[in-house]
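K.L.:
Numbering (our numbering), first residue to last: 40 to 546.
Here a beta-carbon is modelled for each residue, glycine too, at the ideal position from N, C-alpha and C.
Because the structure is a prediction, the values reported are computed rather than measured.
So that we are looking at the same thing, I have put the structure below in structure tokens.
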Amino acid sequence: MNKLSKLFLILIMPAFVAAGGGGPNFSEHVAQIIFNNCTSCHRKGEGAPFEFTSYEDVRKRGRLIVRVTESGFMPPWHATSADYQFEGARGLRDGEIETLTRWVEGGMPEGDPKKLPQRPTFTPGWKLGKPDLVVKMKEPYPVPAAGRDIYRSFVIPLNLKEVKWVKAVEFKPGAPEVVHHSLFRYDTSGLARRLDARSPTPGFRGMGDGNALGPRSLGGWAVGGSARFLPEGLAYRLPAGSDLILDMHFHLSGKPEKEVSTVGIYFSDKPPTDVFTAIQMPPQFGALSRVDIPAGVKDYTVEDSFVLPVDLEAFSVSAHAHYLGKQMRMTATLPNGVKKELIHIPDWDFTWQEEYNYSEFVSLPKGTRLDTTIVWDNSEDNPSNPHNPPRRVRWGLQSTDEMGSLTLAVKPKNLSDMRSLHTALGRHARNHYNARRNRPAQAGGGLWAAVVAGVMRGDKNGDGKINKVEAPRWLLKSFDKVDADSSGDLDRRELERARDRLGKGRD
């Protein structure tokens, strides 16, 4: 080859590579990576800010894609487990990230459009396909631009003529910028309708029992979460004549919004063969743990342990904390001493609160010890810290307060063992609180603040007080003692002063 020919090849080689001759192109190499990992969220009608359904969509943001995938920021997936696989785990292999990088460096060629893989198909608006029943809020709820977080419940009639078994509920917020999470439950008593009718605006104050796996629960949704079907053999019971209740938490965004939630319900054609419940550690989203985080502390830690009284099988796990959450871990030490990691979230993100489903049921024999560790970072080094400079943060309902828990969804191997499990969980909650209450704490924090907040959530008529109809059962026998001014209702100040009167001791 003469010198002129070599020079010609050197000059045309960059163009040849850019055209796709020597490197990856979109149609043959990049499209499948994007379709498999990005398009489910990056499409019309979903929460992602732009679409990734075509070559032009991806080419326009090719360099951004490389940056966020190399850093691990995208695709969003925050949980790991050294011992078990999660269903639908998002993440790119090193080779896939390298392909994206080489494609961008090579000029982002399209390649032959005829070789483009089939684009994924989605039922418009629904990730799980067409629901059996679609319902929505009767009227919009006005969410103000600023103020404290709002907890409000909304009633949606279902008009069911017979018992149904629910396999999944898919939730679509109308104003996703302000809806932090929603718990779904049913009501057959008509109480929710009456409370709704008393309020001049849609819904009523409060947020149900706060239990995503309680006896009337139909599951829930949180920011970053995705709807999934329950495993085979499991279903929620939905009685005839039920109203759907959406217990919602709004975190205000700085501009007014109007929320009209839409819900898709998926029915099973047969009753379930198993029952299921939840093990939450620490209990009550950490309310019993006296969470009280001093300003500047980088690694405030709460631990919890629970020994299983019966044989169980776990099928999903979820986590909850607010802005100061740093990392979470749950392990299982089996009776033979072998330790298994159920979940580890090394870098908690308040905006992604998913439920992680195991690919297969996880067997947890009787005698297995579950251990959880939750760490919060209240230092100025935490970029998510809502306070600058940092300030003391305690357990509470506001997003700028803190919570923390890991929740393991389980089914007993024997149906008759459910009562034994619930009894043990109740005993565990009491023991956990007693162990924590003996530790020194700063004045004004701890359990009683959480108790007061929980009681005030029962203020259904919005008058800022609790009457005997709104009060929890445990408070009724001491109601008159706490009612210092004999007004027939309790305000927050009376409740805060009632700790000693009720014999709770100082926590």
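1) Could you compute how far the alpha carbon of residue 78 sits from the alpha carbon of residue 520?
2) What does a CB cutoff of less than 8 Å around residue 481 pick up in its chain, not counting 5 residues either side in sequence?
3) By how many angstroms is the C-alpha of residue 209 removed from the C-alpha of residue 148?
4) Extract the residue ranges of the alpha helix (DSSP H) inside the stretch 57-143, only unbroken runs of 4 or more that lie entirely within it.
5) Could you tell me the boundaries of the alpha helix (DSSP H) in which residue 518 lies?
6) Would you decide whether residue 310 is buried or exposed? Buried here means 16 or more other CB atoms lie within 10 Å of its CB.
7) Is the Cβ-Cβ distance between residue 212 and residue 298 less than 8 Å?
8) Rounded to a whole number of angstroms, what is the C-alpha to C-alpha distance between residue 286 and residue 453?
9) According to DSSP, simplified to helix, strand and coil, what is residue 324?
10) Please look up how many angstroms separate the CB atoms of residue 190 and residue 68, rounded, as I've assumed it's under 8 Å.
11) Based on DSSP bridge pairs, tell me the residues matched to residue 181.
12) Taking the continuous beta strand (DSSP E) assigned at residue 448, which residues delimit it?
13) How close, in whole Å, do the beta carbons of residue 206 and residue 354 come, if the pair is a contact with beta carbons under 8 Å?
14) Figure out for me which residue from 325, 383, 336, 370 has the closest Cα to the Cα of residue 424.
15) Alpha carbon to alpha carbon, how far is residue 71 from residue 280?
16) Quick one, are the C-beta atoms of residue 304 and residue 172 less than 8 Å apart?
17) In this structure, what does DSSP give as the bridge partners for residue 196?
18) Taking DSSP as the reference, what is the three-state secondary structure of residue 513?
19) Ignoring anything shorter than 3 residues, give me the beta strand (DSSP E) runs that lie fully in the stretch 201-269, in order along the chain.
20) Among 386, 408, 295, which one has its Cα closest to the Cα of residue 351?
21) What does a CB cutoff of less than 7 Å around residue 242 pick up in its chain, not counting 5 residues either side in sequence?
22) Beta carbon of residue 300, beta carbon of residue 176: below 8 Å?
23) When you compare the CB positions of residue 276 and residue 202, do they come within less than 8 Å of one another, or not?
24) Buried or exposed for residue 445, please, with buried defined as at least 16 other CB atoms from any protein chain shown within 10 angstroms of its CB.
25) Can you look up residue 457 in the DSSP assignment and give me helix, strand or coil?
26) Going by DSSP, what residue range makes up the alpha helix (DSSP H) through residue 535?
27) Please return the same chain residues whose Cβ sits closer than 6 Å to the Cβ of residue 126, not counting the five positions on each side in sequence.
28) Please check the pair residue 504 and residue 528, which I expect to be a contact at CB under 8 Å, by giving their CB distance rounded to whole angstroms.
29) Over the uninterrupted beta strand (DSSP E) stretch that includes residue 408, give me the two end residues.
30) Roughly how many angstroms separate the alpha carbons of residue 537 and residue 343, rounded to a whole number?
31) Quick check on the burial criterion: 16 or more other C-beta atoms within 10 angstroms. Buried or exposed for residue 474?
32) If you run the structure through DSSP and keep just helix, strand and coil, what is residue 495?
33) CB residue 278 to CB residue 316, shorter than 8 Å?
34) Answer yes or no: do residue 328 and residue 341 have a C-beta to C-beta separation smaller than 8 Å?
35) Report the start-end ranges of each alpha helix (DSSP H) in the stretch 313-381 that is 4 residues or longer and not cut off at the edges.
36) Let me make sure I understand the geometry here. Which of 502, 368, 469 has the alpha-carbon closest to that of residue 238?
P.N.:
Taking the coordinates as given:
1) 60 Å
2) Because the pLDDT at residue 481 is just 41, under 50, the model does not fix this residue reliably, and the value given afterwards should be weighed accordingly. Cβ within range, chain order: 331, 333, 431.
3) 38 Å
4) 70-76, 94-99, 101-109
5) 518-521
6) exposed
7) yes
8) 32 Å
9) helix
10) Residue 190 to residue 68, Cβ: 48 Å. No contact.
11) 297
12) 443-451
13) Their Cβ separation, rounded to whole angstroms, is 13 Å, which puts residue 206 and residue 354 out of contact at 8 Å.
14) 336
15) 46 Å
16) yes
17) 282
18) helix
19) 203-211, 218-226, 256-261
20) 408
21) 180, 191, 192, 193, 235
22) yes
23) yes
24) buried
25) helix
26) 531-536
27) 396, 398
28) 4 Å
29) 408-415
30) 29 Å
31) exposed
32) helix
33) no
34) yes
35) none
36) 502
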